[in-house]
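Note that the protein sequences, when read in sequence, are chains A and B. Start counting the first sequence at 997; every next residue gets the next number (the numbering used here). Start counting the second sequence at 4; every next residue gets the next number (the numbering used here). All C-beta atoms in this analysis are idealised placements derived from N, C-alpha and C, irrespective of residue type, glycine included.
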Amino acid sequence: MEREELLFLLAGLKWTVALSVVAFICGSIAGLIVALARTSGILIVERLTAGYIAVFQGTPLLMQLFVVYYGLALIGIQMDAWAAVSVGLTLHASAFLGEIWRGSIEAVPRGQTEAAKALSLGYVSRMKDVVLPQAIRISLPATIGFLVQLIKGTSLASIVGFTELTRAGNIISNQIFQPLTVFGVVGALYFLMCCPLTIYGAHLERKFLTASR
Amino acid sequence: MNQTINSAMTTEPMISLSGVEKWYGAFKALDNINMSVAKGEKIVLCGPSGSGKSTLIRCINHLEAYQKGDIHVGGIMLGHGSKTIDAVRREVGMVFQQFNLFPHLTVLQNCMLAPMKALGLDKAQTEDRARQLLERVKISEQADKYPAQLSGGQQQRVAIARALCMRPKAMLFDEPTSALDPEMVKEVLDTMISLAEEGMTMICVTHEMGFARQVADRVIFMASGAIVEEAPPAEFFSNPQHERTRKFLGEILGRH
């Protein structure tokens, strides 16, 4: 594999990182809203978000990307591949993170909310200052785990024609006929993104554990 | 603000409940509760497990909703809207059986959170107040530790200081010593006694009958969600009127 081909792969890597970052940030914001709606205590809102989560957890990510990319174009909403894939992954991430964080919010002992209420703290402060800081610690392993899944999930964007790392690998492989080498390098690049994240997650977990002792 | 303030009535009780009823489904948890607590009065609520005493004091700051009756606290009628509920919660401190300190915040931060967020006080002012109150519950040297680094008795004293930081007009204690190891009960009771001596209005759910004898102006005995008997402690312990009270006292004092 020549230098030029490696550079092409790295350009693909850049888009994989960008896609992961956008999906994680937008997905986190939307996911927080989903989690808060899911624990709002308002029955209709809880039901609706439960349905939203069920749809995204019950269908393959690839189908979700297809629907956003091709489906929305059919009803007149034209998006380029980058925008469509970003939207698709954001929706996907919001449902999964929303469900992870709902569980974490509910795992914070009820006495914490009661103490905050007894101190006349309002909903925003109760969540921001009391419940969420504790819920984040509880959710950390699952959140990091999902983030790793999400990075690998961006490879499906290649199927709708978005040139991220996997599609870049495909293109190079078709040019130089060395699939094993090319996809070996592609795999190694994914590993270099995901593995440090897993290690960092374990490190954060240990840190929080000792802080709460 | 839609508070109902009857400032004309100076003799108005600090806390009053009239005809309060609460159901959990078909189960009646509180049955026609009428009680009135004057400013500076100390009430001990006792009764067998499941008699509704915790439910009763948790209604006073609306941690539990009730279906019938009226509750007034410090001239504010506790409605079901968040405005009056928050107004009442600003006036009434609560101490829980399980302390319920915020584990991710230091002792000092635990005390400072609500005055800053709910009362809007500035940081310096709040810190002064918090340090003073931690001094008062004799725990000032632990200000920068996390709750998990403290003993149960220390945690409960922090919880008392945290509630006092809101400068409440009344304090509710929900079995404050029940989760403590025996050797730590005294330090918490001593803190409560000194608070009582300073004239705080207090309602304490507790089985510490020594505390009741020493501090209470009235002891209220509950069973099956209703108030069965109330009397000053001397009378309550020496001459209980009702069979259920006698049975309860026999069981609880027999243990000691």
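Return the CA-CA distance between THR7 of chain B and LEU1093 of chain A, expressed in angstroms with no decimal places.
For the purposes of this step, residue 7 of chain B is taken as residue 4 along the second sequence, with counting starting at 1. For the purposes of this step, residue 1093 of chain A is taken as residue 97 along the first sequence, with counting starting at 1. Because the pLDDT at THR7 of chain B is just 42, under 50, the model does not fix this residue reliably, and the point stays unresolved.
Is the beta carbon of ALA1138 of chain A sitting closer than 7 Å to the one on VAL1104 of chain A?
Walking along the first sequence from the start, residue 1138 of chain A turns up at place 142. Walking along the first sequence from the start, residue 1104 of chain A turns up at place 108. Taking 7 Å as the cut-off, the beta carbon of ALA1138 of chain A is found no closer than this to the beta carbon of VAL1104 of chain A.
Taking only three categories from DSSP, how would you classify TRP221 of chain B?
Here residue 221 of chain B refers to the residue found at position 218 of the second sequence. First, the amino acid is wrong: residue 221 of chain B is Arg here, not Trp. When DSSP states are grouped into helix, strand and coil, ARG221 of chain B belongs to the strand group.
Would you call the segment 30-44 of chain B in contact with the segment 235-243 of chain B, where contact means no fewer than 3 C-beta pairs closer than 8 Å?
The answer is no - the segment 235-243 of chain B does not touch the segment 30-44 of chain B, with fewer than three Cβ pairs under 8 Å.
Could you list which residues in chain B have their beta carbon closer than 7 Å to that of VAL1041 of chain A, in chain order?
For this step, residue 1041 of chain A is matched to residue 45 along the first sequence. Residues of chain B passing the Cβ test: none, with the nearest at roughly 17 Å.
For chain A, check one thing: does any of its Cβ atoms lie closer than 7 Å to the Cβ of LEU116 of chain B?
Counting from 1 along the second sequence, the entry for residue 116 of chain B is found at position 113. With 7 Å as the cut-off, LEU116 of chain B counts as an interface residue toward chain A.
Cα-Cα, which of A:ARG1043, A:LEU1087, A:SER1121 is closest to ALA1019 of chain A?
For the purposes of this step, residue 1019 of chain A is taken as the residue at position 23 of the first sequence. Out of A:ARG1043, A:LEU1087, A:SER1121, A:LEU1087 has the C-alpha closest to the C-alpha of ALA1019 of chain A.
Counting contacts by CB-CB distance shorter than 7 Å, is VAL1127 of chain A in contact with chain B?
Within the first sequence, numbered from 1, the residue matching residue 1127 of chain A stands at position 131. False, the Cβ-Cβ gap to chain B never drops below 7 Å.
Ordered along the chain, which non-local residues of its own chain (more than five positions away) have a Cβ less than 7 Å from that of SER1016 of chain A?
Looking up residue 1016 of chain A in the first sequence gives position 20. LEU1146, ILE1147, THR1150.
Spatial neighbours of LEU1143 of chain A in its chain, beta-carbon cut-off 7 Å, leaving aside the 5 residues before and after:
On the first sequence, residue 1143 of chain A is found 147 positions in, with the first residue counted as 1. Around LEU1143 of chain A: PHE1020, LEU1193.
Grab me the residues of VAL944 of chain A's own chain with a C-beta within less than 7 Å of its C-beta, minus the 5 sequence neighbours each way, in chain order.
Nothing can be reported for residue 944 of chain A, as the shown portion of chain A is limited to 997 through 1209.
Go ahead and pull the three-state DSSP assignment for LYS71 of chain B.
For the purposes of this step, residue 71 of chain B is identified with residue 68 of the second sequence, where counting begins at 1. If DSSP states are grouped into helix, strand and coil, LYS71 of chain B belongs with the strands.
On the CB-based measure, 16 or more other CB atoms within 10 Å of its CB, does GLY1008 of chain A come out buried or exposed?
Against the first sequence, residue 1008 of chain A aligns to sequence position 12. When all chains shown are included, GLY1008 of chain A counts as buried.
Leaving out the 5 sequence neighbours to the left and right, which residues in its chain are closer than 7 Å to PRO243 of chain B when beta-carbon positions are compared?
As a first step, residue 243 of chain B must be located in the second sequence, where it is residue number 240. So the qualifying residues of the chain are GLU232, ARG249, LEU252.
From LEU1044 of chain A to GLY53 of chain B, what distance separates their C-alpha atoms?
Taking the first residue of the first sequence as position 1, residue 1044 of chain A is located at position 48. Taking the first residue of the second sequence as position 1, residue 53 of chain B is located at position 50. Computed Cα separation, rounded: 37 Å.
For the segment 60-82 of chain B, enumerate the residues whose C-beta is nearer than 7 Å to any C-beta of chain E, in chain order.
Protein chains in the displayed structure are A and B, and chain E is not among them.
Identify the contact partners of ARG93 of chain B in chain A, using a Cβ-Cβ distance below 7 Å as the criterion.
Counting from one through the second sequence, the residue named residue 93 of chain B turns up at place 90. Within 7 Å Cβ-Cβ: SER1116.
If you run the structure through DSSP and keep just helix, strand and coil, what is CYS207 of chain B?
Locating residue 207 of chain B in the second sequence gives position 204, where the first residue counts as 1. For CYS207 of chain B, the secondary structure class from DSSP, reduced to helix, strand or coil, is strand.
Are the C-beta of ALA1131 of chain A and some C-beta of chain B separated by less than 7 Å?
Taking the first residue of the first sequence as position 1, residue 1131 of chain A is located at position 135. Nearest CB-CB separation between ALA1131 of chain A and chain B: not below the 7 Å threshold.
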